[in-house]
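Asks: Every letter in the sequence shown is one number past the one before it in full-length UniProt numbering, and letter 74, counting from 1, is 74. C-beta: ideal position from N, C-alpha, C; glycine also. Owing to the predicted nature of the structure, the values given are computational and were not obtained by experimental measurement. Structure in structure tokens, see below.
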Amino acid sequence: MNDVTRRPRSPRRLQPEQRRQQLIDAAVELYSTRPYERVSVDDITEAADVSRALFYRYFDNPAQLFAAASRVAIDGLVARLTALPDGTAEEQARQNVGEFIDFAVQHKSAVTALLRNGSAISPEAGDLLGEVRTAVVSHIKARAGLTDVDALTELTLWCWMPVIEEATVQWLHQPTVSRDTLVDWLAGQFFGMLGATQQFNSEQDSS
Numbered sequence: 001m002n003d004v005t006r007r008p009r010s011p012r013r014l015q016p017e018q019r020r021q022q023l024i025d026a027a028v029e030l031y032s033t034r035p036y037e038r039v040s041v042d043d044i045t046e047a048a049d050v051s052r053a054l055f056y057r058y059f060d061n062p063a064q065l066f067a068a069a070s071r072v073a074i075d076g077l078v079a080r081l082t083a084l085p086d087g088t089a090e091e092q093a094r095q096n097v098g099e100f101i102d103f104a105v106q107h108k109s110a111v112t113a114l115l116r117n118g119s120a121i122s123p124e125a126g127d128l129l130g131e132v133r134t135a136v137v138s139h140i141k142a143r144a145g146l147t148d149v150d151a152l153t154e155l156t157l158w159c160w161m162p163v164i165e166e167a168t169v170q171w172l173h174q175p176t177v178s179r180d181t182l183v184d185w186l187a188g189q190f191f192g193m194l195g196a197t198q199q200f201n202s203e204q205d206s207s
């Protein structure tokens, strides 16, 4: 446990929500660098400088804490995406992909666990993954001014998400290309998919 940053001992008269947040903050740090299955309750309580009894006062099990920690991290990602500056469609696509990849690098182990087996860890984690996909798709549509898209374009946006997720997880563990190359390639995938959808729609309209 030498690689765990032990938090300074805090005053004992903390509010319940502060104690809970203390555990979540410690979990976010631990899950960023270790696989979910390698983080124990003892690891978390040591990093947060609290007792096991206090852990179980706020969480039934590690899976519940993982879901809470993942939500905090995901909320941070959505905030970062929302704060991105305006730009051309190509610039926006690269910005969105770049932020997601940087987030995945920062939370490598947690992102891998969430994307690969979030539902198996806990129902809450699985639900969270669905929520973040919805938020990202809505964000892309809002930034691009797409207030009313056809059904196939909507499907295209949703299908692009798994491409980003799987490519990012593969790259995290086998970085065979640079980060910028991955960003450009994923942005290109997006416009390639959109182009194919637009061509299909055009052919359907003319037939």
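Three-state secondary structure (DSSP) at R52?
Replies: helix
Asks: Would you check if the distance between the CB atom of L23 and the CB atom of L65 is smaller than 9 Å?
Replies: At the C-beta level, L23 and L65 come within 9 Å of one another.
Asks: So what does DSSP say about P175, is it helix, strand or coil?
Replies: coil
Asks: Give the DSSP-derived three-state secondary structure of P62 in the structure shown.
Replies: In the structure shown, P62 sits in a helix (DSSP, three-state: H, G or I).
Asks: Quick check: what's the CA-CA separation for P162 versus S206?
Replies: P162 and S206: Cα-Cα distance of roughly 31 Å.
Asks: Assign G188 to buried or exposed, taking buried as 16 or more other Cβ atoms, counted over all protein chains shown, within 10 Å of its Cβ.
Replies: exposed
Asks: Rounded to a whole number of angstroms, what is the C-alpha to C-alpha distance between N96 and L128?
Replies: 19 Å
Asks: Can you confirm whether the stretch 165 to 182 touches the stretch 139 to 147 when touching is taken to mean that 3 or more C-beta pairs between the two stretches lie within less than 8 Å?
Replies: Cβ pair count under 8 Å is below three, so no.
Asks: So what's T147 in DSSP terms, helix, strand or just coil?
Replies: coil
Asks: From which residue to which residue does the alpha helix (DSSP H) around T33 run?
Replies: P16 to T33
Asks: Is L84 helix, strand or coil when you go by DSSP?
Replies: coil
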